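Each residue of the sequence shown is one higher than the one before, starting from 2 at the first, in the working numbering. Structure first, then comments.
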Amino acid sequence: MGTSGFLMRHLWLIGLLGCLCYCVVVDGLGVNWGTMATHKLPPKTVVQMLKDNGIKKVKLFDADPSTMSALAGSDIEVMIAIPNDQLAVMTDYNRAKQWVNRNVTRYNFNGGVNIKYVAVGNEPFLSSYNGSFINITFPALQNIQNALNEAGVGDSIKATVPLNADVYNSPTSNPVPSAGQFRSDISGIVTQIVNFLAQNNAPFTVNIYPFLSLYGNDDFPFNYAFFDGATPIVDNGIQYTNVFDANFDTLVSALKRVGHGDITILVGEVGWPTDGDKNANIGNAYRFYNGLLPRLAANTGTPVRPGYIEVYLFSLLDEDAKSIAPGGFERHWGIFRYDGQPKFGIDLSGQGQNKLLISAQNVQYLPQKWCMVNPNAKDLSKLPDNIQFACENSDCTALEYGSSCNGLDTNGNASYAFNRYYQVQNQGDLACNFQGLATVTTQNLSTGSCNFLIQIVSSSSSSLGPSLVGLAFLTLLTSLLL
Numbered sequence: 002m003g004t005s006g007f008l009m010r011h012l013w014l015i016g017l018l019g020c021l022c023y024c025v026v027v028d029g030l031g032v033n034w035g036t037m038a039t040h041k042l043p044p045k046t047v048v049q050m051l052k053d054n055g056i057k058k059v060k061l062f063d064a065d066p067s068t069m070s071a072l073a074g075s076d077i078e079v080m081i082a083i084p085n086d087q088l089a090v091m092t093d094y095n096r097a098k099q100w101v102n103r104n105v106t107r108y109n110f111n112g113g114v115n116i117k118y119v120a121v122g123n124e125p126f127l128s129s130y131n132g133s134f135i136n137i138t139f140p141a142l143q144n145i146q147n148a149l150n151e152a153g154v155g156d157s158i159k160a161t162v163p164l165n166a167d168v169y170n171s172p173t174s175n176p177v178p179s180a181g182q183f184r185s186d187i188s189g190i191v192t193q194i195v196n197f198l199a200q201n202n203a204p205f206t207v208n209i210y211p212f213l214s215l216y217g218n219d220d221f222p223f224n225y226a227f228f229d230g231a232t233p234i235v236d237n238g239i240q241y242t243n244v245f246d247a248n249f250d251t252l253v254s255a256l257k258r259v260g261h262g263d264i265t266i267l268v269g270e271v272g273w274p275t276d277g278d279k280n281a282n283i284g285n286a287y288r289f290y291n292g293l294l295p296r297l298a299a300n301t302g303t304p305v306r307p308g309y310i311e312v313y314l315f316s317l318l319d320e321d322a323k324s325i326a327p328g329g330f331e332r333h334w335g336i337f338r339y340d341g342q343p344k345f346g347i348d349l350s351g352q353g354q355n356k357l358l359i360s361a362q363n364v365q366y367l368p369q370k371w372c373m374v375n376p377n378a379k380d381l382s383k384l385p386d387n388i389q390f391a392c393e394n395s396d397c398t399a400l401e402y403g404s405s406c407n408g409l410d411t412n413g414n415a416s417y418a419f420n421r422y423y424q425v426q427n428q429g430d431l432a433c434n435f436q437g438l439a440t441v442t443t444q445n446l447s448t449g450s451c452n453f454l455i456q457i458v459s460s461s462s463s464s465l466g467p468s469l470v471g472l473a474f475l476t477l478l479t480s481l482l483l
């Protein structure tokens, strides 16, 4: 009995040490937790997944009460956010104080939420926004930070503005990092923001995406998007072997030009998508993270700014309801799938001991049913319109060129589209008809790299009625015309 107890104690200790080793994460590493999904994992499930994998920092895109409640007591450092469509309201100081009281100070208690930052907007100066937020972002930032200060939490909670890397560049006549400057149309307002951040000891937050350097640009040197094997670019004797370092140091140069070359820079988003484009796949994502994480662990920094960098990976989970205006890859940034299952081996400690992360626990799925093209359908002339309808109301980005389901035939494409819609609609009876072109099957239609998914039981499914009504109307209209 004594020997057995001795062995059990040692086996328990070995298991505990194994877990501790597994759950070590690079110092300063966090993740983005976006929720633009038709079916969301329960917030408590996600928080437990973060804890199971040793992730101690998370960046949100709002301050949803259910998310905040799940984070309470976890001690995970949190960046909450004010969406762009609320920036105008925050130019009123009283409204900013109300927002801080409702979303910050109410959680500021022992066992509450460990809020570290407030993100004021999200990439509000993107060129594609055509200046919509230029005149309201800085006043909103001032009001939020001043409201934090007035509430007595400004020393520990800082307001910042996550900006896209398109806010700075180098002139075409001298395209090197040392020539970095802020974009001419926003240079004045960005300088004001930088001055204010520095006065409040708040970080400058930037989102850097090496993947986007490749996207739509076949002339970009492919290896330069990663951290291994690229031909270096030389700038005043400094060798740059990857676009991340070059991009970061271009920002450092721009900050120097406005008198704040030493301000803390926080990388709010960086990652690699796994589908939706020819360069978005698991192999490239694995290569990217396998280069990034060891550098962060070693505090390599960049040539101009060596040392520690606080970085938030983008992102934690795939989001099937994100806008695909930038590209189909937007829905596939997660290191986990939509259901909290890990996509590939990764070592968040940066030691290169890649293994699958711990998945979300106790996830509930819809029944094992799929929607497919009806093999008995006679009139296939209506197939294109129905495929279009299905894809407009679900996620068909895996069918795009170079993506995981790009190799399907016509019936395969239709079945994929029908099934995605069927799953979005919670496998509703009307959702697998498509004017008689579809039928339900219990046979998994997945093939090769193409996954015909089964959706999860959502914690907060959005209203899906209008799409079903639209399909019913389409069916009725067609029957009347025939």
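Note that CB positions come from ideal geometry on N, CA and C, so glycine has one too. From a predicted model like this one, the values you see are computed outputs, not experimental measurements.
Query, Result
"Beta strand (DSSP E) segment containing residue 371, residue limits", "371 to 374"
"Reduced DSSP secondary structure (H/G/I, E/B, other) of residue 50", "helix"
"Pick from 35, 185, 174 and 97 that is closest to residue 128, judged by C-alpha positions", "185"
"Proximity of residue 250 and residue 163 at Cβ, strictly below 8 Å", "no"
"Runs of beta strand (DSSP E) wholly within the segment 306 to 386 (minimum 3 residues, chain order)", "311 to 314 and 371 to 374"
"Cα-Cα separation, residue 319 to residue 313", "15 Å"
"Closest Cα partner of residue 381 within the set 412, 123 and 358", "412"
"Delimiting residues of the alpha helix (DSSP H) encompassing residue 101", "94 to 104"
"Close beta carbons around residue 274, own chain, < 6 Å, minus the five adjacent residues each side", "281, 330, 333 and 334"
"Cβ contact check for the segment 286 to 300 and the segment 347 to 364: 3 or more pairs under 8 Å", "yes"
"Three-state secondary structure (DSSP) of residue 241", "strand"
"Close Cβ partners of residue 233 (< 8 Å) along its chain, the five nearest in sequence each way excluded", "240, 241 and 242"
"Close-in-space but distant-in-sequence residues of the same chain around residue 367 (CB under 8 Å, 5 per side omitted)", "424, 427, 428, 455, 456, 457 and 458"
"Any non-hydrogen atom of the ligand NAP closer than 7 Å to residue 256 Cβ", "As presented, the structure is devoid of all ligands, the ligand NAP included, so that no description of it is given."
"Which of helix, strand or coil DSSP assigns to residue 22", "Note that residue 22 scores 42 on pLDDT, short of 50, meaning its location in the model is unreliable; the coordinates nonetheless yield the value given after this. Looking at residue 22 - three-state DSSP - the assignment turns out to be helix."
"Residues bridged to residue 278 [DSSP beta-bridge criterion]", "281"
"The segment 106 to 126 contacting the segment 81 to 94, beta-carbon criterion three pairs below 8 Å", "yes"
"Under the three-state DSSP convention, the category residue 56 falls into", "coil"
"Residue 165 to residue 61 span [Cα, whole Å]", "16 Å"
"Whether residue 360 touches residue 376 by CB criterion (8 Å)", "no"
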